[in-house]
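K.L.:
Residue numbers for the sequence shown follow UniProt numbering, beginning at 1 and rising by one. From the three backbone atoms N, C-alpha and C, an ideal C-beta is built for every residue, glycine too.
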Amino acid sequence: MKISRVKGFWPYLMLVFFNTFVDISHKILIQDTLYQSAKGSVYTLLSSIINAFILLPYILLFTPSGFIADKFPKVTVLRVTAALAIPLTIVITWCYFQGYFFGAFFMTLLLAVQSALNSPAKYGYIKELFGKEQLSRVNAIVQTLTIIAILSATALFTALFTYLIKAANLQQSLDKVLLLKAFAPLGFLLILFSVIETCMTFCLIQKEAVDSESTYEIVNYFKGTYLKSYLNNTRQPRIIFISIIGLSIFWAINQVLLASYGAFLKEHIGQVSVLFAQGSLAIAGIGILLGALYSGRRSNVLLELGMIPMSTIGIALSLYLLPHLTSHWAILSLFLIYGFFGGMLIVPLNALIQYYSPKHAAGKIQSANNFLQNCFMLGFLGLGILSYFYQLDSLILLHALFIIASLGALYTLIAWPQLFMRYVFSMALSFMYRFRIHQVQELPIQGGILLLGNHVSFIDWALLQAACPRPIRFVIDKSFYNKWYAKWLFKLFKTIPIAPGDSRLALIKINQALNAGEVVALFPEGQLTRDGQLGVFRTGFERAAKDAKALIIPFYLHGMWGSRTSRAPEKIKGVRRAVSITFGSAVNVNSNAEQVKQHVQALSLNYNAVNR
Numbered sequence: 001m002k003i004s005r006v007k008g009f010w011p012y013l014m015l016v017f018f019n020t021f022v023d024i025s026h027k028i029l030i031q032d033t034l035y036q037s038a039k040g041s042v043y044t045l046l047s048s049i050i051n052a053f054i055l056l057p058y059i060l061l062f063t064p065s066g067f068i069a070d071k072f073p074k075v076t077v078l079r080v081t082a083a084l085a086i087p088l089t090i091v092i093t094w095c096y097f098q099g100y101f102f103g104a105f106f107m108t109l110l111l112a113v114q115s116a117l118n119s120p121a122k123y124g125y126i127k128e129l130f131g132k133e134q135l136s137r138v139n140a141i142v143q144t145l146t147i148i149a150i151l152s153a154t155a156l157f158t159a160l161f162t163y164l165i166k167a168a169n170l171q172q173s174l175d176k177v178l179l180l181k182a183f184a185p186l187g188f189l190l191i192l193f194s195v196i197e198t199c200m201t202f203c204l205i206q207k208e209a210v211d212s213e214s215t216y217e218i219v220n221y222f223k224g225t226y227l228k229s230y231l232n233n234t235r236q237p238r239i240i241f242i243s244i245i246g247l248s249i250f251w252a253i254n255q256v257l258l259a260s261y262g263a264f265l266k267e268h269i270g271q272v273s274v275l276f277a278q279g280s281l282a283i284a285g286i287g288i289l290l291g292a293l294y295s296g297r298r299s300n301v302l303l304e305l306g307m308i309p310m311s312t313i314g315i316a317l318s319l320y321l322l323p324h325l326t327s328h329w330a331i332l333s334l335f336l337i338y339g340f341f342g343g344m345l346i347v348p349l350n351a352l353i354q355y356y357s358p359k360h361a362a363g364k365i366q367s368a369n370n371f372l373q374n375c376f377m378l379g380f381l382g383l384g385i386l387s388y389f390y391q392l393d394s395l396i397l398l399h400a401l402f403i404i405a406s407l408g409a410l411y412t413l414i415a416w417p418q419l420f421m422r423y424v425f426s427m428a429l430s431f432m433y434r435f436r437i438h439q440v441q442e443l444p445i446q447g448g449i450l451l452l453g454n455h456v457s458f459i460d461w462a463l464l465q466a467a468c469p470r471p472i473r474f475v476i477d478k479s480f481y482n483k484w485y486a487k488w489l490f491k492l493f494k495t496i497p498i499a500p501g502d503s504r505l506a507l508i509k510i511n512q513a514l515n516a517g518e519v520v521a522l523f524p525e526g527q528l529t530r531d532g533q534l535g536v537f538r539t540g541f542e543r544a545a546k547d548a549k550a551l552i553i554p555f556y557l558h559g560m561w562g563s564r565t566s567r568a569p570e571k572i573k574g575v576r577r578a579v580s581i582t583f584g585s586a587v588n589v590n591s592n593a594e595q596v597k598q599h600v601q602a603l604s605l606n607y608n609a610v611n612r
């Protein structure tokens, strides 16, 4: 079934949109007021504080919000929390009309409390409504819609702010009271959008509470018992914690950019309009939108994890270039690129968290996710506050962000070099070949896998890694492994060397890797085919795989015979060859060589029959 036909799909998306739209609209009006009325250092300070107000409730309420999301049906939680926004926006509108700037300023904190209580139920509901199979696509849609809400709120309310201030002849005014009174009618829009958000919650499908028997003791909250328990939920599997940290660093960097880039423009570029200051950051939002859409498309069948290291590199390079640009068009272009890499990053990380979260703890893990993200963002905002008290140049903050992003990129390259190379290979191969992957859903997303298939060309390993969403440990001839110029690279990729007549240690390593839940690939023929036909499968893998906690996945590679990288006597020239890899169903790990060969042959026959 198409996800758009799932009952509750459209009301849920509208809920996500208006929930974000209301929060951002009020924040933008306050920040626009600050940008016009405050000096560079004061702007950074107050902007950091208002962003801290948005983050603090997520930190202080993260265990109660997670408990509520699991204790009660998530739709009920969404209805109550959405309704709370209505009286809050009424009070905010009253502050606008009275010219109470700091009243409206502090109401940001209460609006954030409403969002903090709403968030675990909002994101936890995705898995309940759509299931695991659609997680990546739905996350891409939700992230895209969130960005659209941020962009549209930023554009609409900044434009309305500028129009109303100009209509009141206050373009040069530094008086916050007059500025608030000038745009006060915009508060009625906030009330209207809050009402729409609440109405949408009554169109959602009610699901049962996932942990209705759970209890919450306020004493344990102050003792930190719940904090420790919730954080422990993120430690296994480890990928959940790593994904949360990755998201936390990315959004923390963005918080500092939001708080300090306006000051950088004033100090280093010259006085620029509020439209450009907010617009440059909004362009980054457009980039995130495009990156999220691209990420969702690349992850249509399985999670495309290769985008994670690639996107961290792109983010770091963008932050390096940002302080060196003075042209308005160059700045806008760079923010678009920066946002695109950010969108590439957040979709697979969010999907990983939701995929690996046990159903009974999904709300608690999402709350822990919010908690850690907001702790990071609040900590990073401390840099902006410190820069005010120590009179640090905003340029120093931008350089600090580049260093932090570079360390994150370095970590992903060291931790997941295969994923990075997989993405590079898949992109390069898409230009060289018409590359198709069939039945990739046969590959389990976790657990040990032994990939066995035909060997046609010198770049079969690259094709296989490009087709497999998980890192692969390849088994190669020891004579190649010991080449001085390549040995460091083979070690980085955890390649397993094997030598004819001395394979005992290699077979032990293969068995250990499979039991550790890794993916290992070898070519049982032991050499490239010389006639394009499937050769004899050697039996060495039988000893390596015996009784391992893993599965054998056969594969068949088609289209490389006759290429320059094969042993075909006559090379068939062509601009772009049609190449494909087909994965078969799982085979018992104790299958013998002849049985595995039959499965590979069956894949070959099926492919030829379908594509005849």
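Going by the beta-carbon positions, is the gap between Leu507 and Arg473 smaller than 8 Å?
P.N.:
For this step, residue 507 is matched to residue 507 along the sequence shown. For this step, residue 473 is matched to residue 473 along the sequence shown. No, the pair does not count as a contact, with Cβ atoms beyond the cut-off.
K.L.:
Relative to the C-alpha of Arg298, which candidate in Ser430, Ser260, Ile403 has its C-alpha closest?
P.N.:
As a position in the sequence shown, residue 298 is number 298, starting the count at 1. Cα-wise, what sits closest to Arg298 is Ser430.
K.L.:
Does the separation of the CB atoms of Ile28 and Ala104 fall below 8 Å?
P.N.:
In the sequence shown, counting from the first residue as 1, residue 28 sits at position 28. In the sequence shown, counting from the first residue as 1, residue 104 sits at position 104. The answer is no: Cβ separation not under 8 Å.
K.L.:
Below 7 Å CB to CB, which residues in the same chain sit around Ala153 once its five sequence neighbours on both sides are set aside?
P.N.:
Reading the sequence shown from its first residue, position 153 is the one you call residue 153. Once the five neighbours on either side are set aside, the close Cβ partners of Ala153 are Phe21, Ile24, Ser25, Ile28.
K.L.:
Just to check my reading of the structure: Val256 and Leu383 have Cβ atoms closer than 8 Å, yes? What is that Cβ distance to the nearest angstrom?
P.N.:
Residue mapping note: residue 256 aligns to position 256 of the sequence shown, counting from 1. Residue mapping note: residue 383 aligns to position 383 of the sequence shown, counting from 1. That belief holds up - the Cβ atoms of Val256 and Leu383 are roughly 6 Å apart, short of 8 Å.
K.L.:
Please list the segments of the alpha helix (DSSP H) lying wholly inside the stretch 147-206, counting only runs of 4 or more residues, in order along the chain.
P.N.:
Entirely contained in the stretch 147-206, the alpha helix (DSSP H) runs reaching 4 residues are, in chain order, 176-183, 187-201.
K.L.:
Taking the alpha-carbon of Leu281 as reference, which of Asn232, Phe222, Thr158 has the nearest alpha-carbon?
P.N.:
Taking the sequence shown and counting its residues from 1, one reaches residue 281 at position 281. Nearest C-alpha to Leu281: Thr158.
K.L.:
Buried or exposed: Arg422, going by 16 or more other Cβ atoms within 10 Å of its Cβ?
P.N.:
As a first step, residue 422 is located in the sequence shown; it is residue number 422 there, counting from the start. Arg422 comes out buried.
K.L.:
With distances taken from CA atoms, which of Gly246, Ala462, Thr215, Gln598 is nearest Asp70?
P.N.:
Start at 1 with the first residue of the sequence shown, and residue 70 comes out as number 70. For Asp70, the nearest C-alpha among the options comes from Thr215.
K.L.:
Just to confirm before moving on: does the CB-CB distance between Thr144 and Ala351 stay below 8 Å?
P.N.:
Translated into the one-based positions of the sequence shown, residue 144 becomes position 144. Translated into the one-based positions of the sequence shown, residue 351 becomes position 351. Result no, Cβ atoms of Thr144 and Ala351 do not sit closer than 8 Å.
K.L.:
Evaluate contact between the stretch 398-408 and the stretch 316-328, counting only Cβ atoms and requiring at least three cross-stretch pairs below 8 Å.
P.N.:
They touch, by the three-pair rule.
K.L.:
Among the candidates Ala155, Leu395, Ile147, Ser367, whose CA atom is the shortest distance from the CA of Leu290?
P.N.:
In the sequence shown, the residue the question calls residue 290 occupies position 290. Checking every option, the nearest Cα to that of Leu290 belongs to Ile147.
K.L.:
So, using beta-carbon positions, are Ile346 and Phe250 closer together than 8 Å?
P.N.:
Counting from one through the sequence shown, the residue named residue 346 turns up at place 346. Counting from one through the sequence shown, the residue named residue 250 turns up at place 250. Contact: yes.
K.L.:
Would you call the stretch 431-447 and the stretch 576-585 touching, i.e. three or more CB-CB distances under 8 Å?
P.N.:
The answer is yes - the stretch 576-585 touches the stretch 431-447, with three or more Cβ pairs under 8 Å.
K.L.:
Taking the straight line between their C-alpha atoms, what separation do you get for Phe97 and Lys181?
P.N.:
If you number the sequence shown from 1, residue 97 lands on position 97. If you number the sequence shown from 1, residue 181 lands on position 181. Taking the straight line joining both Cα atoms gives about 5 Å.
K.L.:
Reducing DSSP to helix, strand and coil, say where Ala516 ends up.
P.N.:
On the sequence shown, residue 516 is found 516 positions in, with the first residue counted as 1. Three-state result, Ala516: coil.
K.L.:
Rounded to whole angstroms, what is the Cα-Cα separation between Ser367 and Phe62?
P.N.:
The sequence position of residue 367 within the sequence shown is 367, counting from 1. The sequence position of residue 62 within the sequence shown is 62, counting from 1. Taking the straight line joining both Cα atoms gives about 5 Å.
K.L.:
Would you kindly check if the distance between the Cβ of Ser585 and the Cβ of Glu442 is under 8 Å?
P.N.:
The residue given as residue 442 occupies position 442 in the sequence shown. The residue given as residue 585 occupies position 585 in the sequence shown. Yes; because the gap between Cβ atoms is below 8 Å, this pair is in contact.
K.L.:
Would you say the stretch 527-546 touches the stretch 448-461, given that touching needs at least three Cβ pairs under 8 Å?
P.N.:
In short, these stretches touch, since the Cβ pair count reaches three.
K.L.:
At the level of alpha carbons, what is the spacing between Ala409 and Thr312?
P.N.:
Taking the sequence shown and counting its residues from 1, one reaches residue 409 at position 409. Taking the sequence shown and counting its residues from 1, one reaches residue 312 at position 312. Going from the Cα of Ala409 to the Cα of Thr312 covers about 5 Å.
K.L.:
Assign Trp416 to one of two classes, buried (16 or more other C-beta atoms within 10 Å of its C-beta) or exposed (fewer than that).
P.N.:
The sequence position of residue 416 within the sequence shown is 416, counting from 1. Buried is the call here.
K.L.:
Quick one, are the C-beta atoms of Ile240 and Ile403 less than 8 Å apart?
P.N.:
As a first step, residue 240 must be located in the sequence shown, where it is residue number 240. As a first step, residue 403 must be located in the sequence shown, where it is residue number 403. Cβ distance not < 8 Å, so Ile240 and Ile403 don't count as in contact.
K.L.:
Quick check on Val210: does DSSP put it in helix, strand or coil?
P.N.:
On the sequence shown, position 210 is the one that residue 210 refers to. Three-state result, Val210: coil.
K.L.:
Which residue comes first and which comes last in the beta strand (DSSP E) that contains Phe97?
P.N.:
Locating residue 97 in the sequence shown gives position 97, counting from the first residue. Run containing Phe97: none in the beta strand (DSSP E); it sits in the alpha helix (DSSP H), 74-98.
K.L.:
Using CA atoms only, rank isn't needed, just tell me which of Gln527, Phe72, Ile141 is closest to Gly296.
P.N.:
On the sequence shown, position 296 is the one that residue 296 refers to. Of the candidates Gln527, Phe72, Ile141, the one whose C-alpha sits nearest the C-alpha of Gly296 is Ile141.
K.L.:
Could you check whether the stretch 2-17 touches the stretch 196-204, counting it as contact only if at least three pairs of C-beta atoms, one from each stretch, sit closer than 8 Å?
P.N.:
Yes: the two stretches touch, three or more of their Cβ pairs being nearer than 8 Å.
K.L.:
Whole angstroms is fine: what's the gap from Tyr355's alpha carbon to Leu78's?
P.N.:
Taking the first residue of the sequence shown as position 1, residue 355 is located at position 355. Taking the first residue of the sequence shown as position 1, residue 78 is located at position 78. So the two alpha carbons sit approximately 22 Å from each other.
K.L.:
Please identify the residue among Met107, Ala52, Phe523, Ala405 whose C-alpha is closest to the C-alpha of Ile553.
P.N.:
Counting from 1 along the sequence shown, the entry for residue 553 is found at position 553. Ranking Met107, Ala52, Phe523, Ala405 by Cα distance to Ile553 puts Phe523 first.
K.L.:
Considering only the alpha carbon of each residue, which of Leu336, Ile3, Phe480, Leu492 lies closest to Lys127?
P.N.:
Start at 1 with the first residue of the sequence shown, and residue 127 comes out as number 127. Checking every option, the nearest Cα to that of Lys127 belongs to Ile3.
K.L.:
Examine the Cβ distances between the stretch 372-380 and the stretch 46-55 and report whether three or more of them are shorter than 8 Å.
P.N.:
Taking 8 Å as the limit for Cβ pairs, the verdict is that the stretch 46-55 does touch the stretch 372-380.
K.L.:
For residue 613, list the residues DSSP reports as bridge partners.
P.N.:
The structure shown has nothing for residue 613, since the chain only spans 1 to 612.
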